[in-house]
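FYI, in the working numbering the residues of the sequence shown are 95 to 459.
Even glycine gets a Cβ: it sits at the ideal position worked out from N, Cα and C.
Working notes for the structure below.
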Amino acid sequence: MEVGMQRAKRPSSSEPVNVLVVGVGHLGKSHARVYRELDGARLVGVVDSDPEKAREVAANLDVPYYHELTPDLLARAQAASVVTPTPSHFDVAKRLIENGISVLVEKPMTTTLSEARELDQFAREHQVTLQVGHIERFNPVVLAALPHIHEPIFIECDRIHPFSFRSVETSVVLDLMIHDIDIVLNLVDSPVAHLDAVGTRVLSGTEDLASARITFENGCTAMVKASRVAIQKSRKMRIFCPSSYISLDYIAKTGMRISLKDGYDRERIDFKKMATLEESQGAYPLFTQYFNIEQLNISSEEPLRGELQAFLLAVRTGREPVVTGEHGVQAIDIATRIVEQIKDSQEAFHLRRRRCAPSSESVKG
């Protein structure tokens, strides 16, 4: 460690972690609430550039509030959640890290890939914990499915939301789709070989809907779709493995696994006979002869609570967090490539339209 560099602050095993929340908007308020509830945390303050907002949240939780990071606050804090608007993540997190404060940075980690890489390296140099807020890793629906996912072949993700006037400065790829990008990268664990993407702006100045096809070197393919201009919410994932299929609904908090029964041999099945029986018995009784249908047992724990508990454990022990800075870099890398692909596809689309448009001479003729 360089001379003068602030060493990471690690609390003793018997003491709560002194935490602060920087940014107490829609999501930051929830971070502050959960920290206040956790035995392993001591919320030493909330920070927001809007004094009224900071005062209101602080009053509800009976903690001090600040409109900026003061030297006294930086000296007291051991860990912090950075829940400010995305363009400020890099500067805020860097200032905390250089003061030896471990950080949980909400997704997307930063605005650009270069900033993400620099922030990850900066945290390593200062030996502080950097966790990225990909909260779906802690979603009980996902956690219930993980033990059943082996060598996925095909994955479908749909994340559809009504329009919100929050985060419109950020593409839907970095705002919403990045959740599923992170989950897919974690499930497949193989380098990306190729990707194609399309998308468009509808109401904001950045992409409001996007669809990407990601092909991995191990042969798996993922179709990832995101929209923030829908009428209703829908967040679903379907995972196809060699002998099983898993369907997840994040909003309904349900999951189902369909798997081949042991001893299944397609060569021994008389499909013509089964088709005849289906007419009299229906498909379902025949289907269940060969497949197990299992409803996943899903916990009711709040994902944010699990995420913050994991962060505090990493801060206390110095172990690698569940979602590392490198994971955040990888997700932004793919998200950035998707955004670039969308821009390329839009340019190609408009070029084709100009070429196909009738000329003034042909119209006159």
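Mark residue 365 as exposed unless 16 or more other C-beta atoms lie within 10 angstroms of its C-beta, in which case mark it buried. By one-based count along the sequence shown, residue 365 stands at place 271. Counting Cβ neighbours within 10 Å, residue 365 comes out exposed, since fewer than 16 surround it.
Thinking C-alpha only, which one of 437, 379, 124 is nearest residue 299? If you number the sequence shown from 1, residue 299 lands on position 205. Measuring from the Cα of residue 299, the nearest candidate turns out to be 437.
Taking the beta strand (DSSP E) that residue 294 belongs to, which residues open and close that run? Working through the sequence shown from its first residue, we reach residue 294 at position 200. Counting along the chain, the unbroken beta strand (DSSP E) around residue 294 starts and ends at 286-294.
So what does DSSP say about residue 302, is it helix, strand or coil? Start at 1 with the first residue of the sequence shown, and residue 302 comes out as number 208. Looking at residue 302 - three-state DSSP - the assignment turns out to be coil, as it is neither helix nor strand.
Alpha carbon to alpha carbon, what distance is there between residue 275 and residue 429? Here the question's residue 429 lines up with position 335 in the sequence shown. Here the question's residue 275 lines up with position 181 in the sequence shown. Roughly 7 Å separates the two Cα atoms.
Helix, strand or coil for residue 178? Go by DSSP, reduced to three states. Locating residue 178 in the sequence shown gives position 84, where the first residue counts as 1. DSSP places residue 178 in coil when its eight states are reduced to three.
Work out the CA separation of residue 425 and residue 163 for me, nearest whole Å. Taking the sequence shown and counting its residues from 1, the one referred to as residue 163 is at position 69. Taking the sequence shown and counting its residues from 1, the one referred to as residue 425 is at position 331. Computed Cα separation, rounded: 29 Å.
Answer yes or no: do residue 284 and residue 292 have a C-beta to C-beta separation smaller than 7 Å? For the purposes of this step, residue 284 is taken as residue 190 along the sequence shown, with counting starting at 1. For the purposes of this step, residue 292 is taken as residue 198 along the sequence shown, with counting starting at 1. Contact flag unset, no.
Quick one, which of 379, 265, 233, 236 has its alpha-carbon nearest residue 79's? No answer is possible for residue 79: the residues shown for the chain start at 95 and end at 459.
Along the chain, which unbroken stretches of the alpha helix (DSSP H) at least 4 residues long are found entirely within the region 129-159? Qualifying alpha helix (DSSP H) stretches, in chain order: 145-155.
Unbroken beta strand (DSSP E) run spanning residue 480, endpoints: Past the boundaries of the shown model lies residue 480; the chain is included only from 95 to 459, so the question cannot be answered.
Where DSSP assigns a beta bridge to residue 330, which residues make up the other side? The sequence position of residue 330 within the sequence shown is 236, counting from 1. Answer is 252, 343.
Give me the Cα-Cα distance between residue 378 and residue 268, rounded to the nearest whole angstrom. Position 284 of the sequence shown, counted from the start, is the residue given in the question as residue 378. Position 174 of the sequence shown, counted from the start, is the residue given in the question as residue 268. Between the C-alpha atoms of residue 378 and residue 268 there is a straight-line separation of about 41 Å.
Do the region 308-323 and the region 214-228 meet, that is, are 3 or more Cβ pairs less than 8 Å apart? Between the region 308-323 and the region 214-228, the count of Cβ pairs shorter than 8 Å is below three; the stretches do not touch.
Leaving aside the five residues before and after residue 358 along the sequence, list all residues of the same chain whose C-beta is less than 6 Å from its C-beta, in chain order. Locating residue 358 in the sequence shown gives position 264, counting from the first residue. Here the set comprises 384.
Option nearest residue 155 by Cα separation, candidates 175, 125, 323, 107: Translated into positions along the sequence shown, residue 155 becomes position 61. Nearest option by C-alpha distance: 125.
On the premise that residue 227 lies in contact with residue 270, defined as a C-beta separation below 8 Å, what is that separation, rounded to the nearest angstrom? Within the sequence shown, the letter at position 176 stands for residue 270. Within the sequence shown, the letter at position 133 stands for residue 227. Not confirmed; about 13 Å, so no contact.
In terms of alpha-carbon separation, which member of 263, 427, 400, 394 lies closest to residue 232? Counting from one through the sequence shown, the residue named residue 232 turns up at place 138. Looking at 263, 427, 400, 394, the one whose alpha-carbon comes closest to that of residue 232 is 400.
Once DSSP output is grouped into helix, strand and coil, what is the label at residue 122? By one-based count along the sequence shown, residue 122 stands at place 28. Note: residue 122 maps to helix in three-state DSSP.
Strictly by DSSP, which residues pair up with residue 116? Here residue 116 refers to the residue found at position 22 of the sequence shown. Looking at the DSSP assignment, residue 116 forms a beta bridge with 141, 176.
Just list the residues that DSSP pairs residue 335 with in beta bridges. Here residue 335 is taken as the residue at index 241 of the sequence shown, counted from 1. Beta-bridge annotation (DSSP): residue 335 is paired with 338.
In or out: residue 251 buried (at least 16 other Cβ within 10 Å) or exposed? Position 157 of the sequence shown, counted from the first residue, corresponds to residue 251. Around the C-beta of residue 251, 16 or more other C-beta atoms lie within 10 Å, and the residue is accordingly described as buried.
Where the alpha helix (DSSP H) through residue 388 begins and ends: In the sequence shown, counting from the first residue as 1, residue 388 sits at position 294. Element bounds for residue 388: not the alpha helix (DSSP H) but the beta strand (DSSP E), 385-389.
Endpoints, beta strand (DSSP E) assigned at residue 411: The residue labelled residue 411 in the question sits at position 317 within the sequence shown. Counting along the chain, residue 411 falls outside any beta strand (DSSP E), though it belongs to the alpha helix (DSSP H) covering 397-411.
Beta-carbon proximity check, residue 116 vs residue 157, cutoff 7 Å: Mapped onto the sequence shown, residue 116 falls at position 22. Mapped onto the sequence shown, residue 157 falls at position 63. No, the Cβ-Cβ distance between residue 116 and residue 157 is not below 7 Å.
Do residue 338 and residue 353 have their C-beta atoms closer together than 7 Å? The count along the sequence shown starts at 1 and reaches residue 338 at position 244. The count along the sequence shown starts at 1 and reaches residue 353 at position 259. Yes, these two residues count as a Cβ contact at 7 Å.
Within 10 angstroms of the Cβ of residue 355, are there 16 or more other Cβ atoms? Answer buried if so, exposed if not. Looking up residue 355 in the sequence shown gives position 261. By the Cβ neighbour-count rule, residue 355 is exposed, with fewer than 16 other Cβ atoms within 10 Å of its own.
Which term fits residue 259, buried or exposed, when burial requires 16 or more other beta carbons within 10 angstroms of its beta carbon? As a position in the sequence shown, residue 259 is number 165, starting the count at 1. It is exposed - the Cβ of residue 259 has fewer than 16 other Cβ atoms within 10 Å.
Can residue 140 and residue 148 be called in contact, C-beta distance under 7 Å? Here the question's residue 140 lines up with position 46 in the sequence shown. Here the question's residue 148 lines up with position 54 in the sequence shown. Yes; because the gap between Cβ atoms is below 7 Å, this pair is in contact.
Going by C-alpha distance, which of 303, 209, 308, 230 is nearest residue 247? Here the question's residue 247 lines up with position 153 in the sequence shown. Looking only at 303, 209, 308, 230, the smallest Cα-Cα distance to residue 247 is reached by 308.
Contact under 7 Å by Cβ, residue 193 with residue 167: If you number the sequence shown from 1, residue 193 lands on position 99. If you number the sequence shown from 1, residue 167 lands on position 73. Against a cut-off of 7 Å, the Cβ pair of residue 167 and residue 193 comes out as no contact.
What first and last residue would you give for the beta strand (DSSP E) that runs through residue 229? As a working note, residue 229 is residue 135 in the sequence shown. In the DSSP assignment, residue 229 falls outside any beta strand (DSSP E) and carries neither an H nor an E.
If you draw a straight line from the C-alpha of residue 229 to the C-alpha of residue 171, how long is it? On the sequence shown, residue 229 is found 135 positions in, with the first residue counted as 1. On the sequence shown, residue 171 is found 77 positions in, with the first residue counted as 1. When only Cα atoms are considered, residue 229 and residue 171 end up about 23 Å apart.
Alpha carbon to alpha carbon, how far is residue 241 from residue 334? Translated into positions along the sequence shown, residue 241 becomes position 147. Translated into positions along the sequence shown, residue 334 becomes position 240. Note on geometry: alpha-carbon atoms of residue 241 and residue 334 lie some 14 Å from one another.
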